[in-house]
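What follows is a short report on a single structure.
In the working numbering, the protein residues as written are 3 to 745.
Below, the structure is given as structure tokens:
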């Protein structure tokens with residue numbers, strides 16, 4: 003089994019100095035809990051900040067810390083106060099956090115913060131370099147380390163790297179505001195597997211990558227030419243048994259002294275029969291929607307005075323990032339709102355809002371979960387929100403109602419909860435009333451469905467699935483690597499080529515001989531390509547250029563060269579000095595009259611797209627359109643055309659950023675067979691870069707050498723990274739005498 007290196011900003015333990023010396027205590031967060039079953043039971047090391055300034059430790063204390071951390075499978079990376087202020091409190095939490103949570107008005111763009119963020123990510127990379135071994139797997143966590151995957155990948159390209167983003171990923175319209183957006187994406191793309199809590203975040207990330215870098219994306223995979231990156235959603239679970247069993251052990255009566263919190267809650271219930279407790283638990287953070295929640299609770303009290311004295315909101319807010327100005331202002335606002343509500347509606351026997359601004363022990367958290375009748379979880383934006391899951395897990399009797407923001411990642415898995423818009427105070431007030439009045443039978447039915455789901459997809463299963471995903475992507479990379487045109491494969495091809503006497507090369511044009519990144523109208527042949535083709539022809543090599551372009555364009559570019567040309571996917575052929583010939587039975591062009599209007603409608607509805615009309619082909623191009631919009635429109639157009647051409651001798655061809663429709667019965671594969679018929683070639687090679695070339699790879703003789711540009715699934719025998727690799731191979735073939743140096 004591969005060794006696992008886990009990397010996060012904080013270690014799963016905290017180091018602190020006390021009067022008794024150095025103390026190392028386990029963390030209770032969801033990540034630490036989820037990974038515990040993995041990193042404690044396999045060869046692994048967790049790398050992160052220990053939570054203490056190195057300058058406060060004596061040499062002896064630091065040695066003790068190192069020793070104790072090693073017992074916990076941990077390795078410390080110390081960050082000094084100045085760097086921590088700029089890296090953590092600065093860029094991580096004044097730039098990334100607000101922007102990714104859809105609060106651009108709070109986002110700070112500071113060059114010094116960015117430089118320190120990059121510096122600390124490099125410190126993490128250097129620490130990992132000291133430890134890394136062959137076949138290690140590395141799992142990096144969260145927004146503090148967005149640059150780290152690529153820093154490692156550049157130094158160790160063979161290492162399998164996973165990255166999981168625990169917070170939302172914003173839409174392109176927000177992400178584009180970031181001055182360092184390309185660097186951030188490039189950093190993340192160093193990972194082989196990139197995970198998010200929900201499909202929405204996965205979709206936003208993929209959209210940003212397509213728009214900024216233009217990489218091909220299909221079946222949850224990016225094709226970078228030299229490697230494949232998988233992007234997927236893994237909704238994080240909880241340790242269900244831990245919360246459920248802890249709640250089941252609470253004793254309402256007995257000889258043991260009860261915790262004070264339990265006594266207070268039970269006293270609340272005893273004063274008036276049927277009293278209800280509403281619970282909310284959050285960090286003090288503007289993304290949690292705490293002021294909105296308080297306004298909604300006040301609105302509920304205004305609308306329903308009959309519930310005065312019968313309902314209280316228990317609000318636990320855990321201190322967080324108190325050094326950040328925005329958080330201090332938020333606390334002041336929350337304090338004032340709580341004071342106004344309690345001052346307006348409270349009396350000697352009833353406090354509407356029980357407000358706790360502190361952390362609580364696990365025991366007290368379980369008490370709150372267990373005794374609460376309603377969970378009110380209303381973040382404005384949240385990556386997942388495990389509190390909602392923990393609340394339901396403690397409902398061992400089946401009763402209790404969860405009110406959950408539809409903006410929380412967990413809402414996708416908990417549709418049986420009362421889902422609300424956290425910006426709609428009226429809706430939240432009505433949800434509180436509905437929760438109070440919900441029949442017990444309905445409560446149990448809803449909770450039973452959610453609990454069944456939570457029991458099955460635990461945090462342990464989440465961690466295992468991500469680990470399995472890393473292994474799967476590693477296997478996929480190896481599979482593609484085995485087909486990659488490396489020095490050995492190149493040498494074998496050239497050896498066969500040098501020993502052959504009658505040779506033919508089938509070469510696609512766009513994306514194969516020239517870059518596919520340029521706009522279609524600018525992808526003209528360059529001088530290097532012309533010279534390369536001329537040298538190949540001079541060596542008595544038959545060259546066949548295959549293209550989806552019309553014969554006029556192919557004639558303009560290559561008509562004066564001694565090569566065979568196929569245009570419009572093989573519909574037209576030109577040999578040597580001869581004229582153009584149609585290769586299949588001519589079909590009346592009347593079909594265009596019924597198809598063209600539909601395609602023109604998609605041009606009108608898709609800015610940046612355009613229609614190209616050839617003799618036998620209509621092509622709708624969308625390489626200049628917004629990538630996401632283009633893909634959606636292409637899918638719709640394909641569906642519409644499929645319905646229109648039933649019982650017509652037409653076929654739809656889906657290429658790179660293009661939907662084409664043409665008469666059926668001819669393709670590049672059939673054209674290639676026509677070119678070799680009766681010619682007895684002892685060396686046949688075909689090269690292409692998209693699905694329209696697959697027919698060549700499929701239909702040519704089994705001993706033909708077939709090569710696809712890009713690391714994609716293909717029937718070709720080999721893959722290469724880009725058109726430059728194709729030119730490099732052709733250059734070797736054109737040399738006389740043939741170079742034998744394969745390096």
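C-beta atoms are modelled at their ideal positions from N, C-alpha and C, and glycine is treated no differently.
Suppose the cutoff is 6 Å on Cβ atoms and the five residues either side in sequence are ignored; what does the same chain contact list for residue i look like?
i: residue 731; result: none
i: residue 743; result: With a pLDDT of only 44 at residue 743, under 50, the local geometry of the prediction cannot be trusted, and no value is derived from it.
i: residue 94; result: 146
i: residue 300; result: 343
i: residue 245; result: 392, 395, 396
Buried or exposed: which applies to residue i, given that a residue is buried once 16 or more other Cβ atoms fall within 10 Å of its Cβ?
i: residue 550; result: buried
i: residue 426; result: exposed
i: residue 172; result: buried
i: residue 257; result: Only weak support is given to the placement of residue 257: the predicted model assigns it a pLDDT of 46, under 50, and the value that follows is read from those uncertain coordinates. Result: exposed.
i: residue 351; result: exposed
i: residue 167; result: buried
i: residue 649; result: exposed
i: residue 153; result: buried
i: residue 591; result: exposed
i: residue 488; result: exposed
i: residue 209; result: buried
i: residue 570; result: buried
i: residue 441; result: exposed
i: residue 383; result: buried
i: residue 319; result: buried
i: residue 749; result: Since the first residue shown for the chain is 3 and the last is 745, residue 749 is missing from the structure and cannot be characterised.
i: residue 477; result: exposed
Counting only the same chain and skipping the five closest in sequence on each side, list residues whose C-beta sits under 7 Å from that of residue i.
i: residue 227; result: 712, 713, 723, 724
i: residue 158; result: 134
i: residue 746; result: The chain is shown from 3 up to 745; residue 746 falls before or after that span and cannot be answered.
i: residue 437; result: 376, 403, 405, 420
Roughly how many angstroms separate the alpha carbons of residue i and residue j, rounded to a whole number?
i: residue 428; j: residue 239; result: 31 Å
i: residue 622; j: residue 229; result: 29 Å
i: residue 386; j: residue 10; result: 18 Å
i: residue 451; j: residue 143; result: 30 Å
i: residue 75; j: residue 121; result: 25 Å
i: residue 577; j: residue 484; result: 37 Å
i: residue 629; j: residue 533; result: 35 Å
i: residue 661; j: residue 642; result: 12 Å
i: residue 187; j: residue 398; result: 44 Å
i: residue 326; j: residue 113; result: 18 Å
i: residue 750; j: residue 678; result: With the chain covering only 3 through 745, there is no way to say anything about residue 750.
i: residue 482; j: residue 718; result: 12 Å
i: residue 568; j: residue 584; result: 10 Å
i: residue 339; j: residue 408; result: 24 Å
i: residue 690; j: residue 55; result: 57 Å
i: residue 262; j: residue 347; result: 25 Å
i: residue 598; j: residue 203; result: 37 Å
Between the options, which has its C-alpha nearest residue i's C-alpha?
i: residue 364; options: 415, 248, 388, 479; result: 248
i: residue 447; options: 534, 418, 200, 464; result: 418
i: residue 517; options: 531, 310, 361; result: 531
i: residue 700; options: 672, 683, 721; result: 672
i: residue 43; options: 605, 485, 616, 465; result: 465
i: residue 302; options: 433, 51, 160; result: 433
i: residue 415; options: 457, 102, 506; result: 457
i: residue 669; options: 538, 619, 643; result: 619
i: residue 687; options: 606, 529, 502, 151; result: 502
i: residue 435; options: 553, 313, 381, 510; result: 313
By Cβ distance below 8 Å, which residues in the same chain neighbour residue i in space, the five residues on each side in sequence not counted?
i: residue 463; result: 239
i: residue 332; result: 286, 287, 288, 292, 293
i: residue 108; result: 96, 100, 288, 328
i: residue 237; result: 199, 200, 386, 411, 412, 414, 415, 459, 464
Over the uninterrupted alpha helix (DSSP H) stretch that includes residue i, give me the two end residues.
i: residue 597; result: 592–607
i: residue 612; result: Element bounds for residue 612: not the alpha helix (DSSP H) but the beta strand (DSSP E), 612–615.
i: residue 116; result: 113–133
i: residue 548; result: Premise fails: residue 548 lies in the beta strand (DSSP E), 544–548, not in any alpha helix (DSSP H).
i: residue 61; result: 61–73
For the beta strand (DSSP E) that residue i lies in, which residues bound it at each end?
i: residue 6; result: 6–12
i: residue 702; result: Segment: none, residue 702 is in no beta strand (DSSP E) and carries neither H nor E.
i: residue 314; result: 313–320
i: residue 584; result: 582–584
i: residue 278; result: 278–285
Is residue i near the ligand ATP, with its Cβ less than 7 Å from a heavy atom?
i: residue 505; result: For the structure depicted, the ligand ATP is absent and the ligand set is empty, with no information on it obtainable.
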